[in-house]
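In case it helps, my numbering puts the sequence shown at residues 39 to 311. Report on the following structure.
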Amino acid sequence: MKVTIGGPLKLAFRPWVEGLENVPAEGPAILASNHLSFSDSFFLPAVLDRKVTFIAKAEYFTTPGVKGRLTAAFFKGVGQLPVDRSGARGAGEAAIRSGIGVLERGELFGIYPEGTRSPDGRLYRGKPGGLARVALATGAPVIPVAMIDTEKIQPPGKVVPKLMRPGIRIGRPLDFRRYQGMEHDRFVLRAVTDEVMYEIMKLSGQEYVDVYATAMKRQLAEAARAEKEAGKAAKAALTRAEKEHAGKLRAAMERADKEQAERDRPEQRRSGP
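Here it is as structure tokens:
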């Protein structure tokens with residue numbers, strides 16, 4: 039990935055980076071980043087000398103057809119780990135096991151605490167399961183990362199990416215070994231996650247929203263559906279009103295023609311032979 043994509047990516051977009059010295063040259067560490075774009079998983083590894091392993095949804099590895107096989111080959115080639123998201127709890131456990139395995143090998147594990155891409159560029163509440171449990175189970179340091187402007191490169195609906203300079207800010211490692219052995223305490227998991235999200239917020243300068251991004255996406259989808267249904271209802275009501283108006287106009291014209299015909303009859307009789 040660094041050779042085939044990383045080099046051209048850096049050459050074309052020239053991403054700026056701050057805090058590279060905060061990533062250890064060796065040993066396990068967790069890179070916890072905000073998530074603005076699909077390209078986040080490419081820009082971050084591209085600027086680092088070390089390999090970063092992210093988890094990816096299993097659909098990237100199981101899609102049929104030529105495109106699906108090429109996608110699966112690419113994700114396997116760059117070391118991404120498939121996680122089945124069909125069940126929320128199962129997906130979380132799979133992500134945790136995958137992360138622990140990466141860190142036990144002394145590698146870098148990348149994770150997005152928000153759980154999904156931000157729907158509007160704001161920073162959303164971190165999910166406490168994956169990040170905190172992996173950190174507490176392994177004792178690996180957590181390095182907060184802020185991706186800057188990556189969502190502007192290829193906004194939804196745009197096919198051709200915009201050539202601009204995204205940014206990456208890497209914060210100082212956070213040590214949570216004081217909580218080791220407490221990875222099943224939900225209050226500790228929440229506290230660890232919130233501390234990481236606070237550091238990401240300071241690095242990114244994003245507005246923080248204390249709800250989950252997945253919940254916001256559902257709300258936006260429901261609002262879009264409601265707006266679409268309202269639009270359909272309004273269009274149907276307008277069509278009915280137009281038909282009713284046309285029917286009334288037609289009936290009025292027919293009555294007028296009939297009345298005119300009645301008025302013309304006596305004149306026709308008087309003017310007859």
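From the three backbone atoms N, C-alpha and C, an ideal C-beta is built for every residue, glycine too.
Ranked by how close their Cα comes to the Cα of A251, the residues F225, A229, E189 and G153 have G153 in first place.
With a contact defined as Cβ atoms closer than 8 Å, A170 and T231 qualify at about 5 Å. Put simply, of A63, A94 and R88 the residue whose alpha carbon is nearest the alpha carbon of F76 is A94.
Per DSSP, E56 is one residue of the beta strand (DSSP E) stretching across W54 to E56. Beta-bridge partners assigned by DSSP to L82: none are found. The beta-bridge partner set that DSSP reports for T91 consists of F147. The C-beta of F225 has fewer than 16 other C-beta atoms within 10 Å across all chains shown, which makes the residue exposed. Around the C-beta of D78, 16 or more other C-beta atoms lie within 10 Å, and the residue is accordingly described as buried. The stretch 158-236 is shown to contain whole beta strand (DSSP E) runs of 3 or more residues at 180-186 and 205-208, in chain order.
Going by DSSP, L47 is part of the alpha helix (DSSP H) stretching over G45 to F51. Of the candidates A70, A268, A50 and K40, the residue whose Cα lies closest to the Cα of P211 is A70. When DSSP states are grouped into helix, strand and coil, S242 belongs to the helix group.
Approximately 5 Å separates the beta-carbon atoms of L146 and R88; this is inside 8 Å, confirming the contact. By alpha-carbon distance to V41, the top candidate from K196, V85 and W54 is V85. Check the Cα spacing between D213 and each of P66, A261, L108 and F113: the tightest is with P66. Straight-line measurement puts the Cα of A262 at about 40 Å from the Cα of A289.
Per the coordinates, the alpha-carbon of E221 lies some 14 Å from the alpha-carbon of G137. Beta-bridge pairing by DSSP links A67 to L146.
Non-local C-beta neighbours of D248 in its own chain, meaning closer than 6 Å and more than five positions away in sequence, comprise R163, ordered along the chain. DSSP places V140 in the helix class (H, G or I) of the three-state scheme. Separation of the CB atoms of I206 and F81 is rounded to 7 Å, and the pair is thereby assigned contact status at 8 Å.
Here the alpha carbons of P193 and E265 stand approximately 22 Å from one another.
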